[in-house]
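Here the protein sequences come in this chain order: R and A. Residue 1 is where the first sequence starts when you use our numbering, and the numbers rise one by one after that. Residue 1001 is where the second sequence starts when you use our numbering, and the numbers rise one by one after that. Backbone N, C-alpha and C define an ideal beta-carbon position, used for all residues, glycine too. If you're wondering where the values come from, they're calculated on a predicted model, not measured in any experiment. Structure, as structure tokens:
Protein chains: 2
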Amino acid sequence: MFSIGDLSRRTGVKVPTIRYYEQMGLVAAPERSEGNQRRYSRQELERLAFIRHARDLGFAVEDIRALIELSFHPEQPCGHADKIAQEQLISVREKIAQLKRLETELERIASCCDGKTVGDCYVIRALSDHALCADEHG
Amino acid sequence: MFSIGDLSRRTGVKVPTIRYYEQMGLVAAPERSEGNQRRYSRQELERLAFIRHARDLGFAVEDIRALIELSFHPEQPCGHADKIAQEQLISVREKIAQLKRLETELERIASCCDGKTVGDCYVIRALSDHALCADEHG
DNA sequence: TCTTGAAGCTCTAGTGACTAGAGCAATTAC
DNA sequence: GTAATTGCTCTAGTCACTAGAGCTTCAAGA
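Structure (structure tokens):
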């Protein structure tokens, strides 16, 4: 049996976050010791590792909830799980595209500043005047 | 003079967000009409456009507050403004790098699933078993 | 001038995914 | 046995808004 601290060290999920997941119903409330401390089984360790991994991949808690539900029904078609993963991939790609536009703009803004004072600082001017932008963003 | 709705249409910042910025002290509390409605000048329109632009570029509200402060002191050296922009650029690049790692992993996970049921779904298996990951992420 | 509907007002609470802190109780190592 | 560490619950805070209730003001047409 693992204490909440053991679980935290083994999964990399912080202790208060584990308790938060329990509150949100992502992990089941575990057994308790005589002194009311949480005691986890290996199964619960694996569940938390699953959640950690999915969170690292950017899945929302609601997505993870759905994936866990699905894993309880191994006989069902897995199209739903695929869909969740595909949507996450699309969302990640959109974020990358957006951030790349910002990167381009910021490079222009941050590299052009050769003024000495705020009065002729390109950073400030560029932010004041959208027309200085090379292309549309945001 | 502009109503809050005019300002919203011209800058693309939503009405409740403008009031929120006022509460946070990012924009000054404007004059009021006899009936207590906000009335903005062109200067305030420009300020809000500045904020909008900076938010689009991913600057935090606190960064924007600092940039606005700086813009009030055009005689000061602009090193601080540059620093804020440079840090934002670094942060954006880090986010891009992280998201690209996720993209790679998600591509692997979401494309490999040729199972018919959840029981042999690669999505679920990959999330359960970090060892299936090609490289470290998160 | 009157009316009506849109736009505005304040205030509170909710979002997501935690994080921090207070004030205790239990466990563990020496 | 005792001291340090870990654990417990509960509340509130984070960020940048967003939603809703319940009310008032404004602007345009009849």
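Inset, instruction - Starting from the C-beta of Tyr31(R), find all residues in its chain whose C-beta is less than 7 angstroms away, skip the five residues before and the five after it, and write them out in chain order. - result: Within the first sequence, numbered from 1, the residue matching residue 31(R) stands at position 31. According to the sequence provided, residue 31(R) is Glu. The question's Tyr does not apply to it. Excluding residues within five positions, the ones whose Cβ falls inside 7 angstroms are Arg39.
Legend entry - For Leu1070(A) and Gln1076(A), the rounded distance between their alpha carbons: Within the second sequence, residue 1076(A) is the residue found at index 76, counting from 1. Within the second sequence, residue 1070(A) is the residue found at index 70, counting from 1. One C-alpha to the other measures close to 8 angstroms.
Inset, instruction - From the DSSP output, in three-state form, read off Glu1094(A) for me. - result: Within the second sequence, the letter at position 94 stands for residue 1094(A). Note: Glu1094(A) maps to helix in three-state DSSP.
Legend entry - Alpha carbon of Arg93(R) to alpha carbon of Arg55(R), nearest angstrom: On the first sequence, residue 93(R) is found 93 positions in, with the first residue counted as 1. On the first sequence, residue 55(R) is found 55 positions in, with the first residue counted as 1. Spanning the two alpha carbons is a distance of roughly 17 angstroms.
Legend entry - Assigned secondary structure, Glu75(R) (DSSP; H/G/I helix, E/B strand, else coil): Position 75 of the first sequence holds residue 75(R). Of the three classes helix, strand and coil, the one that applies to Glu75(R) here is coil, per DSSP.
Legend entry - Nearest-angstrom Cβ-Cβ length linking Gly58(R) and Leu1102(A), presumed shorter than 8 angstroms: For the purposes of this step, residue 58(R) is identified with residue 58 of the first sequence, where counting begins at 1. For the purposes of this step, residue 1102(A) is identified with residue 102 of the second sequence, where counting begins at 1. The pair is a contact, with the Cβ atoms about 6 angstroms apart (cut-off 8 angstroms).
Legend entry - Proximity test, Cβ basis, 8 angstroms: Ala1066(A) and chain R: Stepping through the second sequence from its first residue, residue 1066(A) is reached at position 66. It does not: the Cβ of Ala1066(A) has no partner Cβ on chain R nearer than 8 angstroms.
Inset, instruction - With DSSP as the reference, label Glu87(R) as helix, strand or coil. - result: For this step, residue 87(R) is matched to residue 87 along the first sequence. Note: Glu87(R) maps to helix in three-state DSSP.
Legend entry - Whole-angstrom distance between Ala85(R) and Leu1106(A), CA atom to CA atom: For the purposes of this step, residue 1106(A) is taken as the residue at position 106 of the second sequence. For the purposes of this step, residue 85(R) is taken as the residue at position 85 of the first sequence. Taking the straight line joining both Cα atoms gives about 7 angstroms.
Legend entry - Residues that DSSP places opposite Arg39(R) in a beta bridge: For the purposes of this step, residue 39(R) is taken as residue 39 along the first sequence, with counting starting at 1. Bridge partners of Arg39(R): Glu31(R).
Legend entry - Beta-carbon contacts of Gly1138(A) that lie in its chain and below 7 angstroms, excluding the five residues immediately before and after: As a working mapping, residue 1138(A) is identified with position 138 in the second sequence. Because Gly1138(A) carries a pLDDT of 46, less than 50, the predicted location of this residue cannot be relied on, and the following value inherits that uncertainty. Result list for Gly1138(A): empty, nothing under 7 angstroms.
Legend entry - N-terminal and C-terminal residue of the alpha helix (DSSP H) that Asp6(R) is part of: Counted from its first residue, the first sequence places residue 6(R) at position 6. Where Asp6(R) is concerned, the enclosing alpha helix (DSSP H) stretches over 4-11.
Inset, instruction - Taking 8 angstroms as the cut-off, decide whether the C-beta atoms of Pro1074(A) and Thr117(R) are in contact. - result: Taking the second sequence and counting its residues from 1, the one referred to as residue 1074(A) is at position 74. Taking the first sequence and counting its residues from 1, the one referred to as residue 117(R) is at position 117. Yes, the pair counts as a contact, with Cβ atoms nearer than the cut-off.
Legend entry - Closest by C-alpha distance to Val123(R), when choosing among Ala1081(A), Arg1042(A), Val1015(A): For this step, residue 123(R) is matched to residue 123 along the first sequence. Of the candidates Ala1081(A), Arg1042(A), Val1015(A), the one whose C-alpha sits nearest the C-alpha of Val123(R) is Ala1081(A).
Inset, instruction - Please determine, among Arg108(R), Phe50(R), Leu89(R), the residue with the shortest C-alpha to C-alpha distance to Arg65(R). - result: Within the first sequence, residue 65(R) is the residue found at index 65, counting from 1. Out of Arg108(R), Phe50(R), Leu89(R), Phe50(R) has the C-alpha closest to the C-alpha of Arg65(R).
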